[in-house]
Amino acid sequence: MTDINTTLATIKSVKNISAVGLRQYLVTSVAAIALSFASVAAIAKPTSGEKSPDFTLKSRDGGNIKLSEQRGNIVLVNFWASWCGPCREELPAFEELYQEYQDMGVEILAVNVDDEAEKANVLLQDIEVSFPVLFDTSGDVSQLYDVSAMPTTVLVDRDGNVRLIHPGYRSGDEKKYEKAIKMLMRE
1 MTDINTTLAT IKSVKNISAV GLRQYLVTSV AAIALSFASV AAIAKPTSGE
51 KSPDFTLKSR DGGNIKLSEQ RGNIVLVNFW ASWCGPCREE LPAFEELYQE
101 YQDMGVEILA VNVDDEAEKA NVLLQDIEVS FPVLFDTSGD VSQLYDVSAM
151 PTTVLVDRDG NVRLIHPGYR SGDEKKYEKA IKMLMRE
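Position 133 of the sequence shown, counting from 1, maps to 133 under the numbering used here, and the rest follow consecutively.
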């Protein structure tokens, strides 16, 4: 805010500035402000080894699920969308992982980013999953995690630290997740 006040004071103190000069000054000032906001956003995104940003989302069964309440479990958070082909391929692979590891302290939270939950529910009639499906219809949580690709998978350890961020999906990626889960189980 001080930068804006300084800018306004400077503009007020200049009496004989040309329109072109004022325009250049304002464009430069706006660009500097935009860059400062961009650097704050870049700092805020989670990286491997840092605490995972907490969130609470409504689940498919109607209740709320809060990530921090999963502490003590290894949590695989998967951001996906109904329109995403690789997401559709990945969901059954996650179901297999979930069936194998859920009794060993592994949780999968599938965060759907469609603007309407119904779009996900229609898809889930064809692809059955037993792990929790959460709805981020506002996009706030995917923005918090700086999700820029569909799907994006984040692996969180028992202490709530981000241990892996993996954008996209190719057949076989689930083997990487399983290897990482096994490693975290040994810690």
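Glycine residues also receive a C-beta, built at the ideal position from the N, C-alpha and C atoms.
- Query: What number of angstroms, rounded off, separates the C-alpha of Lys179 from the C-alpha of Glu118?
  - Reply: 33 angstroms
- Item | Environment of Thr47 [buried if 16+ CB atoms lie within 10 Å] | exposed
- Task: Apply the 10 Å Cβ neighbour rule to Glu116 and answer buried if 16 or more other Cβ atoms are within range, or exposed otherwise.
- Result: exposed
- Less than 8 angstroms between the CB atoms is what I'm expecting for Pro151 and Cys84, so what's the real figure, rounded? 6 angstroms
- Message: Tell me the DSSP secondary structure of Ala81 in three-state form.
- Response: coil
- Item | Buried/exposed call for Ala149, threshold 16 Cβ in 10 Å | exposed
- Task: May I have the straight-line CA-CA distance separating Ala31 from Tyr145, to the nearest angstrom?
- Result: Note that Ala31 scores 47 on pLDDT, short of 50, meaning its location in the model is unreliable and no value can be drawn from it.
- Going by Cα to Cα distance, which pick from Leu164, Val162, Val113 and Gly160 is closest to Val141? Val113
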